[in-house]
DNA sequence: TTGCATCCGGTACCCAGGTACAGGCTTACC
DNA sequence: GGTAAGCCTGTACCTGGGTACCGGATGCAA
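Residue numbers (our numbering), protein chains in the order written: chain A, 30 to 177; chain B, 30 to 177.
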């Protein structure tokens, strides 16, 4: 009894042991009780918390945002309406939708380039018949943000 | 005459001067001639190259992939068919489409959570009526990859 | 009591794509 | 020739989300 070891919690949540301490440092996971020798002893709720963190992360929230969401759930008084899960989820949904739109533009550009049979970017950049919009293309979302 | 200064090239391409040297180190930009004192003197084609790089990056290619694309355009002999722009663009399109699908799942999950009026993740995780799929949600794409 | 697995804190490193700074040289213009 | 802006190399730092390694201490079973 007396609590779960870090490796047990990590395994149960499908997470690395190091990640537990990382989350603790980031303020996402409460500091658990310790054994006499200083080893962490987690309550079972810690596993739930990890699942919540992973779910929120999967929904597009950064760890900082997750920390704020968890804080907002605990404090819950006099915060602006954007601070709750509702407000934040609405903002995040808008973000995700914007991202989807951006990627759709990219996908369409790739499709027309394939259709046009482009096979050399440098040649394409010099030819006026290539459909890749070299001059305007840089105006979109941050480069590299959808590669992963 | 004799070439463009790095700041001129950078300004023309909408890029930081440091970035020019970074790209040179990464092998994306050919080493230009130098003045007697060692200053870089770029041909106007350098600006075109930068536009090409930015375009490819915007289309979802990493800098390593861009370097390979540029190499493939130059060497052009006996490479497998996946090595050309066509093959790589097809693969990248598939990647982008997968990403879009993933984000659509996320957007839909956010929408149902908003619809259901969820306002506390921890409470939601403990309640069976919350539509957020805490147990299966971690199975999707890498966490954090669409935040930006 | 021995032995091995696990855990501790602290620090350093990984990815990508840059950006910033320090200390010194070159170039351009008056 | 003076001065200011620009450029040089090299190295360190940034974000975000972890991961890896180290030397030493603990926990637990036989």
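Where a beta carbon is used, it is the ideal one built from N, C-alpha and C, also for glycine.
All values reported here derive from a predicted model rather than from experimental measurement.
| Pick from 36(A), 150(A) and 123(A): whose alpha carbon is nearest that of residue 73(A)? | On the first chain, position 44 is the one that residue 73(A) refers to. It is 36(A).
| Residues, ordered as in the chain, of the region 121 to 143 of chain A that lie near chain B by beta-carbon distance below 9 Å | Within the region 121 to 143 of chain A, 121, 122, 124, 125, 126, 128, 129, 132, 133, 135, 136, 138, 139, 140, 142 and 143 place their CB atoms closer than 9 Å to a CB of chain B, listed in sequence order.
| query | Using DSSP with H/G/I as helix, E/B as strand and the rest coil, what is residue 58(A)? | reply | What you label residue 58(A) is simply residue 29 of the first chain in a count that begins at 1. Secondary structure of residue 58(A) (DSSP, three-state): coil.
| query | Mapping DSSP to helix, strand and coil, what is residue 34(A)? | reply | To locate residue 34(A), count along the first chain from 1; it is residue 5. Look at residue 34(A) here: in three-state DSSP terms it is coil, with no helix or strand label.
| request: Step through the CB atoms of chain B and report whether any lies within less than 8 Å of the CB of residue 58(A). | output: Residue mapping note: residue 58(A) aligns to position 29 of the first chain, counting from 1. Not closer than 8 Å to any Cβ of chain B, the Cβ of residue 58(A) fails to qualify, so no.
| said: Between which residues of its own chain and residue 169(A) is the CB-CB distance below 8 Å, once the five residues before and five after are set aside? | reply: For this step, residue 169(A) is matched to residue 140 along the first chain. These residues qualify, in order along the chain: 131, 134 and 135.
| query | Hey, out of 63(B), 159(B), 158(B) and 116(B), whose CA is closest to residue 90(B)'s CA? | reply | Within the second chain, the letter at position 61 stands for residue 90(B). For the residues 63(B), 159(B), 158(B) and 116(B), the minimum Cα distance to residue 90(B) belongs to 116(B).
| query | For the alpha helix (DSSP H) that residue 125(B) lies in, which residues bound it at each end? | reply | Indexing the second chain from 1 puts residue 125(B) at position 96. Under the DSSP assignment, residue 125(B) falls in the alpha helix (DSSP H) whose first and last residues are 114 to 144.
| Interface residues of chain B facing residue 161(A) [CB-CB closer than 7 Å] | Working through the first chain from its first residue, we reach residue 161(A) at position 132. Those are 84, listed as they occur along chain B.
| task | Quick one: which residues of the region 88 to 99 of chain B get their C-beta closer than 9 Å to a C-beta of chain A? List them in chain order. | result | Listed in chain order, the positions of the region 88 to 99 of chain B with a beta carbon within less than 9 Å of a beta carbon of chain A are 88, 89, 90, 91, 92, 94, 95, 98 and 99.
| Are the CB atoms of residue 154(B) and residue 80(A) nearer to each other than 8 Å? | Taking the second chain and counting its residues from 1, the one referred to as residue 154(B) is at position 125. Taking the first chain and counting its residues from 1, the one referred to as residue 80(A) is at position 51. The answer is yes: Cβ separation under 8 Å.
| query | Is it buried or exposed for residue 177(B), if we count other Cβ within 10 angstroms and need 16 for buried? | reply | Position 148 of the second chain, counting from 1, holds the residue named residue 177(B). At residue 177(B) the pLDDT is 42, less than 50, meaning the model places this residue with poor confidence; the figure from the coordinates comes in the next sentence. With a threshold of 16 other beta carbon atoms within 10 Å, residue 177(B) falls short and is exposed.
| When DSSP labels each residue in this structure, what does residue 168(B) get in the three-state scheme? | Along the second chain, one-based indexing puts residue 168(B) at 139. Here residue 168(B) sits in helix by DSSP.
| task | Let me know the secondary structure DSSP gives residue 70(A) once reduced to three states. | result | The residue labelled residue 70(A) in the question sits at position 41 within the first chain. Shown here, residue 70(A) sits in a strand according to DSSP, grouped into three states.
| Closest to residue 82(A) by CA distance: which of 67(A), 52(A) and 104(A) is it? | Counted from its first residue, the first chain places residue 82(A) at position 53. The shortest C-alpha separation from residue 82(A) is found at 52(A).
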